[in-house]
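Colleague:
Residue numbers (the numbering used here): 10 to 196.
Here it is, written out as structure tokens:
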């Protein structure tokens, strides 16, 4: 089903998110950190499920939902050109449009095309995403959680800078290591 462009079911998705959250739960709660979520929730039901889960835990940290938005033509082009590391533990992402390497720079494993990055699957994902986005946005508005919408049609560096600037303005956000890599921790 996923290879055809459909999303995984809500329960499985929440299980993945819950498992990831539990790894960092103590750090998030004890230091009053900010959790950034991108790509989740994908529908209104997932918003409700996440809110119920968080309320049952008595969480004590900020949550900001990041919505990366780009025109469909940009999304299609990027996904058509996406290749990934075949090592699922590494999972590095590359683009055919700006790389000529055939092996991952991080682990030296071969780069492969994802099965779901074909035009039919891409169009199904975009259609589903656009259909469900308004419900997600309205439920996030009601929930009181912060959300930030970023124009991600620009380069990765420009999109990253826009995100960091908006987080600084709207969430009093700063990076503990100056923002020099992807392992920055939000405070």
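Note that beta-carbon positions come from the ideal geometry of N, C-alpha and C, so glycine has one too.
Could you give the uninterrupted runs of the beta strand (DSSP E) lying entirely in the segment 74 to 127, keeping only those of 3 residues or more?
Modeller: DSSP runs (the beta strand (DSSP E)) wholly in the segment 74 to 127: 91 to 94, 102 to 104.
Colleague: Put residue 140 into one of helix, strand or coil per three-state DSSP.
Modeller: Note: residue 140 maps to helix in three-state DSSP.
Colleague: Looking only at its chain, what residues have a beta carbon closer than 7 Å to the beta carbon of residue 161, apart from the 5 residues adjacent to it on each side?
Modeller: Within the same chain, residue 161 has close Cβ partners 77, 78, 79, 168.
Colleague: Since residue 56 and residue 155 are thought to touch, with beta carbons under 8 Å apart, how far apart are those beta carbons, to the nearest angstrom?
Modeller: With 8 Å as the limit, residue 56 and residue 155 do not qualify as a contact, their Cβ atoms being about 14 Å apart.
Colleague: Would you decide whether residue 116 is buried or exposed? Buried here means 16 or more other CB atoms lie within 10 Å of its CB.
Modeller: Answer is exposed; the Cβ neighbour count stays below 16.
Colleague: By DSSP's criteria, residue 71 is part of a beta bridge. Which residues make up the other side?
Modeller: Residue 71 is bridged to 43.
Colleague: Taking the alpha carbon of residue 98 as the reference point, which residue from 83, 87, 118, 108 has its own alpha carbon closest?
Modeller: Nearest C-alpha to residue 98: 118.
Colleague: Does DSSP classify residue 17 as helix, strand or coil?
Modeller: Coil, per DSSP.
Colleague: For the segment 139 to 148 against the segment 92 to 112, are there 3 or more C-beta pairs whose distance is under 8 Å?
Modeller: Contact fails: fewer than three Cβ-Cβ distances are below 8 Å.
Colleague: Would you say the segment 120 to 132 touches the segment 86 to 94, given that touching needs at least three Cβ pairs under 8 Å?
Modeller: Segments in contact, yes.
Colleague: Measure how close the beta-carbons of residue 137 and residue 16 come, nearest whole angstrom, since I'm counting them as under 8 Å.
Modeller: Between residue 16 and residue 137 the Cβ distance is about 6 Å, and since that is below 8 Å, they are a contact.
Colleague: Going along the chain, which residues of its own chain have a beta-carbon closer than 8 Å to the beta-carbon of residue 112, five neighbours each way excluded?
Modeller: Result list for residue 112: 118, 119, 120, in chain order.
Colleague: Using the three-state DSSP reduction, which class does residue 197 fall into: helix, strand or coil?
Modeller: Here the chain has residues from 10 to 196 only, and residue 197 is not among them.
Colleague: Taking a contact to mean a Cβ-Cβ separation below 8 Å, would you say residue 25 touches residue 75 in this structure?
Modeller: For residue 25 and residue 75, no; Cβs fall outside 8 Å.
Colleague: How about residue 18: is its Cβ closer than 7 Å to a heavy atom in the ligand SAM?
Modeller: Of ligands this structure carries none, so the ligand SAM is not represented either.
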